[in-house]
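Accompanying notes for the structure given below.
Chains as they are written, first to last, in my numbering: chain A, 29 to 343; chain B, 177 to 633.
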């Protein structure tokens, strides 16, 4: 029995994600399954637009969990990512309680006694009431657990990575004034990276490392099928074939899955039934985002269409 | 199976995947969840838990395939051994009657001889595996160790006893002795295959390290053509290392110097009571480099690698202008940016290479046209042997370059011994340089460039 269960549950992950419109490869499904089983974050790397962020959304939707997203950027620090004291509120309260403060301290006979009473008082201001939870702390406090998406971690500074280590390995954070906050239910953590810079070993070690590349042709066709239902089968085959040909070129930015989907939508809008030379030329700017790339691809369009439609006949 | 996993981890390290104990523990936990039944899932699991980069994933995938293919060849190899002595088919049929007749004789033989005669492949494979672990085969690192490990494995399997048996049998039962000899040859082949495969699994990393180490310390000007590609690879590695080390953000906060204006602005929300402080920052410049490379004769190859290194440091160095000279000087930055290293070098050589070098003339060319490229933030690097064929060295121009620039570094591929001998003008030039160093090997090149970049940190 134990022999069959893992592959069955990996298939369950696959179909669960598929129900949310995310067609996962076997490796992605295995990663999601393992992340759940051994409670480790997944670090997803890959070119832009292959569905790294989408994966987190799909997991959240499939499991019916809340998704908390932390977008990283240069200069992100713990005040914006973890927690912050509500300074203004603290200030306001001390103002309001000024009279009360006089009363409390008025009863004290000596300066020493007053100080003791003030100590008790101080703890009131550094309590949960005055903490503004930011995404990371929010994620730990979700009673039902959640999907925490730390997006584009490579954009943040190296110091921020170190801040994440405690959360990633033990699902807890330490706030000096309050103590350690442990996750109510361990969140599923997804980190994404475009490999703009190399991440630290310490961070990588704590994660399952998943690389999502460009999908195979069959898989990409299924993705288009699920995302753009209105497209005919022949056109779908041809356009995916065409994109795979484009990816063999040496371009600045290769078209990824999100571009494929956009293009499929455009083609449906234009009511195309099959790839035509003119139509491809006119819509090439959906696929390629650099003028130089479009110029490089332009002369090849004819041969690529021919190749793609030949595949359509035999495939 | 635990033992197998451990061996796989060792093999993975051999393949160049960095594995810490924590990672192997994670992998074992993960494997415990997914089981061994589905090979594809097991492979994915290892790739997810152990590998941390795309390169490592590829290496680990190959290693996985090699490792888990292993049981088949070591079982199939006795097959080969049998196939070598082509009469084995007929012999097995004989052996039935033989062993019935000569059963008593077989009883006297050692365990290895009996095993060889019984031709039980599974038993054989198990015995080889046992002997391999007894000989700690997974410690093999270099191809020169193959003989030693084969010997150890055969010893562990009891070849001594087999030899004694053979000696006895040649006298009493020549036919059986012949069969045993043939089987022994087969066994040797199998063991040799096992050891070779282990070397492939466990020794790759070490062999590569050794090769790289040798390459790093080899004189750049004298490496053989077939090593050029490897050297380029090595230079790219060096460039990556330097990039990682020096491409950290350029801003550094200066604790202790309060930036009053920014602090007030930031705290305007709560009546300028300074809850948040802003500190003065210091911007650091990215290195600006002007490189003058001699491309005549023996220095050309060093220049080639030097230019490759400098131009692969985009993230670290903001501005590189390179010039090549032998008889006269031209700017080559655009050629290097636009083309692959091989093509670029070929074009540069066609334009200025192979002349006799004229340092004075080249420096004059530089002063006339490009002196404005040198600013107080620039490091000027001159790469050359300073052998000017007894022409006027024009050291005065070098002095002016040195005065204009932040630093003037001279890298000389020749050893210090040769400086000043013959037509070398090195002593005259070196008075005007901030740093003069020898730069003949990849390692020296790395240190030199690393030091130059570090002065900007």
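Beta carbons: idealized from backbone N, C-alpha and C, even for Gly.
Between which two residues does the beta strand (DSSP E) carrying residue i extend?
i	result
residue 161 (chain A)	159–161
residue 221 (chain A)	216–221
residue 547 (chain B)	Premise fails: residue 547 (chain B) is in no beta strand (DSSP E) and is neither H nor E.
residue 95 (chain A)	94–99
residue 207 (chain A)	207–210
residue 112 (chain A)	111–113
residue 583 (chain B)	583–588
residue 176 (chain A)	174–179
residue 201 (chain A)	200–203
Would you call the CB atoms of residue i and residue j closer than 8 Å?
i	j	result
residue 536 (chain B)	residue 567 (chain B)	yes
residue 224 (chain B)	residue 193 (chain B)	no
residue 410 (chain B)	residue 392 (chain B)	yes
residue 109 (chain A)	residue 163 (chain A)	yes
residue 79 (chain A)	residue 296 (chain A)	no
residue 492 (chain B)	residue 517 (chain B)	no
residue 216 (chain A)	residue 256 (chain A)	no
residue 177 (chain A)	residue 203 (chain A)	no
residue 533 (chain B)	residue 563 (chain B)	yes
residue 90 (chain A)	residue 45 (chain A)	yes
residue 407 (chain B)	residue 481 (chain B)	yes
residue 190 (chain A)	residue 234 (chain A)	no
residue 27 (chain A)	residue 332 (chain A)	With chain A covering only 29 through 343, there is no way to say anything about residue 27 (chain A).
residue 142 (chain A)	residue 133 (chain A)	yes
residue 432 (chain B)	residue 472 (chain B)	no
residue 589 (chain B)	residue 561 (chain B)	yes
residue 434 (chain B)	residue 455 (chain B)	yes
residue 251 (chain A)	residue 51 (chain A)	yes
residue 362 (chain B)	residue 318 (chain B)	no
For a contact meaning CB atoms closer than 9 Å, what does residue i contact in chain A?
i	result
residue 348 (chain B)	Correct list: empty, because the minimum Cβ distance to chain A is about 53 Å.
residue 364 (chain B)	Those do not exist, as residue 364 (chain B) stays about 39 Å from chain A at its closest Cβ, beyond 9 Å.
In terms of DSSP beta bridges, what is residue i paired with?
i	result
residue 500 (chain B)	B:469 and B:506
residue 455 (chain B)	B:434
residue 563 (chain B)	B:600
residue 555 (chain B)	B:465 and B:583
residue 395 (chain B)	B:617
residue 152 (chain A)	According to DSSP, which records beta bridges pairwise, residue 152 (chain A) is partnered with nothing at all.
residue 495 (chain B)	B:464
residue 239 (chain A)	A:73
residue 612 (chain B)	B:586
For the alpha helix (DSSP H) containing residue i, list its first residue and its last residue.
i	result
residue 180 (chain B)	178–190
residue 252 (chain A)	245–255
residue 348 (chain A)	Missing from the structure shown is residue 348 (chain A); chain A here goes from 29 to 343 and no further.
residue 73 (chain A)	Careful: residue 73 (chain A) lies outside any alpha helix (DSSP H), inside the beta strand (DSSP E) at 70–73.
residue 215 (chain B)	215–226
residue 356 (chain B)	350–378
residue 236 (chain B)	230–245
residue 484 (chain B)	475–487
residue 410 (chain B)	401–422
residue 202 (chain B)	197–210
residue 331 (chain B)	322–333
residue 90 (chain A)	80–91
Cβ closer than 7 Å: which chain A residues qualify as neighbours of residue i?
i	result
residue 224 (chain B)	58, 59, 62, 236, 237 and 238
residue 543 (chain B)	Going along chain A, no residue has its Cβ under 7 Å from residue 543 (chain B), so there is no contact; the nearest lies around 37 Å.
Name the chain B residues whose beta carbon is nearer than 8 Å to that of residue i?
i	result
residue 55 (chain A)	220, 223 and 224
residue 46 (chain A)	The contacting residues do not exist; residue 46 (chain A) stays about 18 Å from chain B at best.
Which residues of chain B have a Cβ atom closer than 9 Å to the Cβ of residue i, listed in chain order?
i	result
residue 119 (chain A)	446, 447, 449 and 451
Determine the chain A residues that contact residue i at a beta-carbon separation under 8 Å, and present them in chain order.
i	result
residue 648 (chain B)	What the structure shows of chain B is the stretch from 177 to 633, and residue 648 (chain B) is not part of that stretch, so it cannot be assessed.
residue 420 (chain B)	226
For chain E, find out if any of its Cβ atoms is closer than 8 Å to the Cβ of residue i; answer yes or no.
i	result
residue 66 (chain A)	Protein chains A and B are contained in the structure displayed, whereas chain E is not.
If the cut is a Cβ gap below 7 Å, which residues of chain B does residue i touch?
i	result
residue 38 (chain A)	217
In chain order, what residues of the region 213–242 of chain A put their CB closer than 8 Å to some CB of chain B? 225, 226, 229, 232, 233, 236, 237, 238 and 239
For the region 227–243 of chain B, which residues have a CB atom closer than 9 Å to at least one CB atom of chain A, in sequence order? 227, 228, 229, 230, 232 and 233
Cβ-based contacts, 8 Å cut-off: residues of the region 200–217 of chain B near chain A: 202, 205, 206, 209, 210, 211, 213, 214, 216 and 217
Looking at chain B, which residues of the region 81–115 of chain A have a Cβ within less than 8 Å of any of its Cβ atoms? 102 and 115
Taking a cut of 9 Å between CB atoms, which residues from the region 507–528 of chain B lie near chain A? none
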